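Undergrad: Going line by line, the protein sequences match chains U and H. Reminder that position 50 of the first sequence reads as 50 in this note's numbering, one-by-one numbering, no gaps. Reminder that position 163 of the second sequence reads as 163 in this note's numbering, one-by-one numbering, no gaps.
2 protein chains.
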Amino acid sequence: MPASAPLRGVIAPTLTPFNDDMTIAEDLYVAHAKRCLADGCIGLAPFGTTSEALSVGMDERMRMLEALAEAGVDPACMIPGTGLTNLPDTIKLTRHAVELGCAGAMTLPPFYFKGVPDDGLYDYFRRLIDGVADDRLQIYLYHIPQVAGVGLPVPLVRRLHQDFPRVIVGIKDSSGDWENTSALLDIEGLRVYPGSELPLVDALGKGATGCISATANINAAGIGETIRLFDTRGAEAAAAHHEAVRKFRLAVQGYAPIPVMKRLLALASGDGRWANTRPPLLPASVEEGQALAAQLAGDFGFQLAA
Amino acid sequence: MPASAPLRGVIAPTLTPFNDDMTIAEDLYVAHAKRCLADGCIGLAPFGTTSEALSVGMDERMRMLEALAEAGVDPACMIPGTGLTNLPDTIKLTRHAVELGCAGAMTLPPFYFKGVPDDGLYDYFRRLIDGVADDRLQIYLYHIPQVAGVGLPVPLVRRLHQDFPRVIVGIKDSSGDWENTSALLDIEGLRVYPGSELPLVDALGKGATGCISATANINAAGIGETIRLFDTRGAEAAAAHHEAVRKFRLAVQGYAPIPVMKRLLALASGDGRWANTRPPLLPASVEEGQALAAQLAGDFGFQLAA
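1. Consider the Cβ of U:Ser-55: report whether some Cβ of chain H lies at a distance smaller than 7 Å.
2. With a 10 Å radius around its C-beta and 16 neighbouring C-beta atoms as the bar for buried, classify U:Lys-92 as buried or exposed.
3. Run down chain H in chain order and give the residues with a C-beta less than 7 Å from the C-beta of U:Glu-60.
4. Is any beta-carbon of chain U found at less than 7 Å from that of H:Val-73?
5. List, in order along the chain, the chain H residues whose C-beta lies closer than 8 Å to that of U:Met-307?
6. Note down, in chain order, every chain U residue with its Cβ under 8 Å from the Cβ of H:Tyr-124.
7. Under DSSP, the beta strand (DSSP E) around U:Asp-173 begins and ends at which residues?
8. Does H:Tyr-216 pass the burial test, meaning 16 or more other C-beta atoms within 10 Å, or should it be called exposed?
9. Quick check: the region 71 to 89 of chain U against the region 242 to 251 of chain H, are at least 3 beta-carbon pairs closer than 8 Å?
10. State whether the region 284 to 295 of chain U contacts the region 3 to 18 of chain H, with contact taken as three or more CB pairs (one from each stretch) at a distance under 8 Å.
11. So what does H:Ile-24 bridge to, in DSSP terms?
12. Return the CA-CA distance between U:Val-10 and U:Ser-196, expressed in angstroms with no decimal places.
13. Do H:Gly-207 and H:Leu-185 have their beta-carbon atoms positioned less than 7 Å apart in this structure?
14. Using DSSP with H/G/I as helix, E/B as strand and the rest coil, what is U:Pro-257?
15. Under 7 Å, do U:Arg-191 and U:Ser-55 count as touching if we go by C-beta distance?
16. Going by CA-CA distance only, name the one from H:Thr-209, H:Phe-113, H:Asp-74, H:Glu-66 that's closest to H:Leu-84.
17. Determine the direct distance from the alpha carbon of U:Ala-12 to that of U:Tyr-142, and round the result to whole angstroms.
18. Taking just the CA atoms, how far does H:Gln-146 sit from H:Glu-52?
19. Listing by chain order, which chain U residues have their CB less than 8 Å from the CB of H:Val-147?
20. Would you mind giving the Cβ-Cβ distance between H:Ala-71 and H:Val-30, rounded to the nearest angstrom? I have them listed as a contact below 8 Å.
21. Does the beta-carbon of H:Thr-23 have 16 or more other beta-carbons within 10 angstroms, so that it is buried, or is it exposed?
22. Quickly, what does DSSP pair H:Tyr-124 with across the bridge? List them, please.
23. Closer than 7 Å, CB to CB, is U:Leu-121 near chain H or not?
24. With 7 Å set as the bound, which would you pick, yes or no: does the beta-carbon of U:Pro-17 sit closer than that to a beta-carbon of chain H?
25. Have a look at U:Phe-125 and U:Val-116 and give me their C-alpha separation to the nearest angstrom.
26. Shortest alpha-carbon distance to U:Asp-74 belongs to which of U:Glu-26, U:Leu-37, U:Asp-27?
27. By the DSSP assignment, the alpha helix (DSSP H) with U:Met-106 in it spans what residues?
28. Just to check my reading of the structure: H:Thr-94 and H:Leu-68 have Cβ atoms closer than 8 Å, yes? What is that Cβ distance to the nearest angstrom?
29. For U:Pro-194, would you say it is in contact with chain H, using Cβ-to-Cβ distances shorter than 7 Å as the test?
30. According to DSSP, is U:Gly-210 helix, strand or coil?
31. Using a Cβ-Cβ distance under 7 Å, would H:Pro-6 count as near chain U?
32. With a threshold of 7 Å between beta-carbons, can H:Pro-46 be considered close to chain U, or not?
33. If you follow the alpha helix (DSSP H) that H:Gly-205 is in, where does it begin and where does it stop?
34. CB-CB under 8 Å to U:His-319, same chain, minus the five flanking residues each way: which ones, in chain order?
35. Flag H:Pro-117 as yes if its beta-carbon sits less than 7 Å from any beta-carbon of chain B, otherwise no.
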């Protein structure tokens with residue numbers, strides 16, 4: 001069975017809103033996912049780092065994917081995060097995503113032990129594929145070494161893609177290291193999503209499939225338009241548009257992005273639950289949210305929809 | 001309800017043996033735990049780092065504690081590891097340990113996000129205590145920053161112990177940093193277990209409760225005897241005995257301790273399953289195991305029981 005077509009465009013690792021008792025606010029969760037798609041996302045990557053995925057329990061993660069599907073979000077546009085530190089539970093989450101019909105699973109390397117051998121990481125993914133045991137499985141590796149503490153070196157990625165070309169189909173590279181992204185883009189047939197829109201036009205020029213970016217939670221339209229311009233009018237037109245998109249990203253990066261984006265959504269919607277984060281993250285202050293909102297409004301005329 | 005008495009002595013974070021299909025070898029698991037106790041351990045810390053705990057699924061972890069209890073190991077001598085990166089599942093594992101009658105739970109800080117604020121870690125443990133909601137809960141914090149990537153600074157430990165004196169009763173300090181261990185030993189009423197026997201006599205001299213050490217899987221007798229000598233004949237007698245115990249530890253540390261100890265057990269027992277590790281760890285070679293066995297036999301007359 002050939003691998004299904006890639007999702008070309010911007011994908012949001014959707015934020016996970018919490019009620020005041022720290023349960024997931026399912027109403028806000030589903031509405032936000034739909035808004036991201038309406039705003040220009042081609043797909044969703046629920047339970048990425050931006051989603052506080054590793055602060056969410058296994059049952060909650062599976063339940064929320066089902067809630068999206070029940071609310072009419074097509075699983076074929078979802079690449080949920082499924083990576084934990086152990087195989088049995090990662091197999092469980094990954095199999096659940098496959099059986100729901102998701103486009104793929106975005107999977108971290110096991111990240112508890114540090115400095116582990118590449119052969120050990122290879123064996124982990126090999127056993128993950130064996131364990132899920134489903135021809136529909138498509139894995140997007142998730143490389144975010146500065147958070148996970150364990151990364152996926154380019155030679156290992158190449159080996160995994162070559163040995164499992166129909167399963168290890170792509171990678172999200174959140175290293176923020178262009179040399180790494182560029183080397184991944186040289187791997188034939190690998191779908192590469194930079195984890196930020198900062199290098200977007202250069203990455204598209206080298207064949208990137210799109211990008212999976214935290215900021216797509218609030219600026220899907222801007223990022224999506226850069227990709228649309230690249231595809232319809234070429235790199236130069238895209239680059240001109242990209243400039244403001246980059247500055248928008250850098251403004252958000254001036255804060256802790258997850259809490260401040262949640263605070264922005266709380267301010268815009270008037271629903272204070274949006275500001276909640278699960279520990280160990282702490283909420284952003286109202287003042288931080290207001291300062292960023294003012295900056296985005298002043299510099300970009302940006303107004304978050306309520 | 002007063003906190004129960006501390007376990008005075010050496011505690012083994014028991015190794016987790018795997019069958020060739022990577023399921024847990026329950027027969028070896030239970031037999032090894034019993035041997036550790038017979039060899040001189042006062043207690044067990046199943047599912048510490050040495051147990052490859054974070055490579056084991058939630059259901060497996062709960063099942064194995066039950067298997068120990070069913071086999072006659074008293075839960076009152078167990079302090080199992082229960083820490084994951086998220087609250088709901090950590091609450092589930094911790095509550096299970098409490099309901100089984102365990103002496104305590106050894107709990108990592110949430111370790112996915114790095115560089116998180118102390119207040120966020122504080123809030124995590126506060127919500128863990130609220131979530132378990134059982135007066136019997138006793139938490140031993142687990143500080144192993146070089147592996148987890150997130151540690152528990154001394155002022156935070158002090159604050160948690162002061163605010164929850166009957167719940168946050170102790171800490172396992174695997175930092176290997178004597179200054180840190182010493183500062184923890186200055187916190188009144190806190191039970192401190194160094195994560196290694198290397199500083200054992202100095203730590204006992206400052207009031208340490210015992211030690212929880214990887215090497216207790218194969219040298220419980222030696223470590224236990226050092227503590228017994230300290231208690232019965234004083235620091236000087238303990239220190240004289242401690243010298244060889246330290247050298248034994250340093251010999252094991254010359255290798256990757258988890259795989260090489262498993263290989264030693266495979267060689268001693270003739271059961272090759274003992275050598276298996278779950279990815280991302282790789283097994284130690286037969287040659288490594290033989291070299292360490294020869295060194296331990298030559299230097300210490302050490303012979304691992306089959």
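Quick reminder that beta carbons are idealized off the backbone N, C-alpha and C, glycines included. On a predicted model such as this, the values are computed, not experimentally measured, just so you know.
TA: On the basis of the data shown:
1. Against the first sequence, residue 55 of chain U aligns to sequence position 55. Closer than 7 Å: yes.
2. Taking the first sequence and counting its residues from 1, the one referred to as residue 92 of chain U is at position 92. Around the CB of U:Lys-92, 16 or more other CB atoms lie within 10 Å, so the residue is classed as buried.
3. Stepping through the first sequence from its first residue, residue 60 of chain U is reached at position 60. Within chain H, the residues near U:Glu-60 are Pro-88.
4. Within the second sequence, numbered from 1, the residue matching residue 73 of chain H stands at position 73. Not flagged as an interface residue toward chain U: H:Val-73, since no C-beta distance is shorter than 7 Å.
5. Nothing can be reported for residue 307 of chain U: it is not among the residues displayed for chain U, which extend from 1 to 306.
6. By one-based count along the second sequence, residue 124 of chain H stands at place 124. Correct list: Pro-279, Pro-280.
7. Counting from one through the first sequence, the residue named residue 173 of chain U turns up at place 173. Per DSSP, U:Asp-173 belongs to the beta strand (DSSP E) from 168 to 173.
8. The residue labelled residue 216 of chain H in the question sits at position 216 within the second sequence. The question names Tyr, yet the displayed sequence has Ala at residue 216 of chain H. It counts as buried.
9. No, the region 242 to 251 of chain H does not touch the region 71 to 89 of chain U.
10. Touching, no, given that fewer than three Cβ pairs across the two stretches are closer than 8 Å.
11. For this step, residue 24 of chain H is matched to residue 24 along the second sequence. According to DSSP, H:Ile-24 bridges with H:Phe-18.
12. One-based indexing of the first sequence puts residue 10 of chain U at position 10. One-based indexing of the first sequence puts residue 196 of chain U at position 196. If I take the Cα positions, the gap works out to 10 Å.
13. Taking the second sequence and counting its residues from 1, one reaches residue 185 of chain H at position 185. Taking the second sequence and counting its residues from 1, one reaches residue 207 of chain H at position 207. Contact annotation: H:Leu-185 and H:Gly-207 have beta-carbon atoms nearer than 7 Å.
14. As a position in the first sequence, residue 257 of chain U is number 257, starting the count at 1. U:Pro-257 falls in the helix class under three-state DSSP.
15. Counting from 1 along the first sequence, the entry for residue 191 of chain U is found at position 191. Counting from 1 along the first sequence, the entry for residue 55 of chain U is found at position 55. Taking a C-beta distance under 7 Å as the contact criterion, U:Arg-191 and U:Ser-55 do not qualify as a contact pair.
16. As a position in the second sequence, residue 84 of chain H is number 84, starting the count at 1. Put simply, of H:Thr-209, H:Phe-113, H:Asp-74, H:Glu-66 the residue whose alpha carbon is nearest the alpha carbon of H:Leu-84 is H:Phe-113.
17. The residue labelled residue 142 of chain U in the question sits at position 142 within the first sequence. The residue labelled residue 12 of chain U in the question sits at position 12 within the first sequence. If you draw a straight line from the Cα of U:Tyr-142 to the Cα of U:Ala-12, it comes to about 14 Å.
18. By one-based count along the second sequence, residue 52 of chain H stands at place 52. By one-based count along the second sequence, residue 146 of chain H stands at place 146. So the two alpha carbons sit approximately 15 Å from each other.
19. Mapped onto the second sequence, residue 147 of chain H falls at position 147. Residues of chain U passing the Cβ test: Tyr-112, Phe-113, Lys-114.
20. Against the second sequence, residue 71 of chain H aligns to sequence position 71. Against the second sequence, residue 30 of chain H aligns to sequence position 30. H:Ala-71 to H:Val-30, Cβ: 5 Å. Contact.
21. In the second sequence, the residue the question calls residue 23 of chain H occupies position 23. The residue is exposed, with fewer than 16 neighbouring Cβ atoms inside 10 Å.
22. Here residue 124 of chain H corresponds to residue number 124 of the second sequence, with the count starting at 1. Looking at the DSSP assignment, H:Tyr-124 forms no beta bridge with any residue, so it has no partner.
23. For the purposes of this step, residue 121 of chain U is taken as residue 121 along the first sequence, with counting starting at 1. Taking Cβ atoms only, chain H reaches closer than 7 Å to U:Leu-121, which makes this a yes.
24. Here the question's residue 17 of chain U lines up with position 17 in the first sequence. Output row for U:Pro-17: interface = no.
25. For the purposes of this step, residue 125 of chain U is taken as residue 125 along the first sequence, with counting starting at 1. For the purposes of this step, residue 116 of chain U is taken as residue 116 along the first sequence, with counting starting at 1. Answer to the nearest angstrom: the Cα atoms are 14 Å apart.
26. Here residue 74 of chain U is taken as the residue at index 74 of the first sequence, counted from 1. Checking every option, the nearest Cα to that of U:Asp-74 belongs to U:Leu-37.
27. Walking along the first sequence from the start, residue 106 of chain U turns up at place 106. U:Met-106 -> not in any alpha helix (DSSP H); beta strand (DSSP E) instead, spanning 105 to 107.
28. To locate residue 94 of chain H, count along the second sequence from 1; it is residue 94. To locate residue 68 of chain H, count along the second sequence from 1; it is residue 68. About 17 Å; that fails the 8 Å criterion.
29. As a working mapping, residue 194 of chain U is identified with position 194 in the first sequence. With 7 Å as the cut-off, U:Pro-194 does not count as an interface residue toward chain H.
30. Numbered from its first residue, the first sequence carries residue 210 of chain U at position 210. In the structure shown, U:Gly-210 falls within a strand segment according to DSSP collapsed to helix, strand and coil.
31. As a first step, residue 6 of chain H is located in the second sequence; it is residue number 6 there, counting from the start. No, because no Cβ of chain U sits closer than 7 Å to the Cβ of H:Pro-6.
32. For this step, residue 46 of chain H is matched to residue 46 along the second sequence. With 7 Å as the cut-off, H:Pro-46 does not count as an interface residue toward chain U.
33. Translated into the one-based positions of the second sequence, residue 205 of chain H becomes position 205. Run containing H:Gly-205: 200 to 205, per the alpha helix (DSSP H) assignment.
34. This structure cannot speak to residue 319 of chain U, because chain U is shown only from 1 to 306.
35. Here chain B cannot be found, since the structure's protein chains are U and H.
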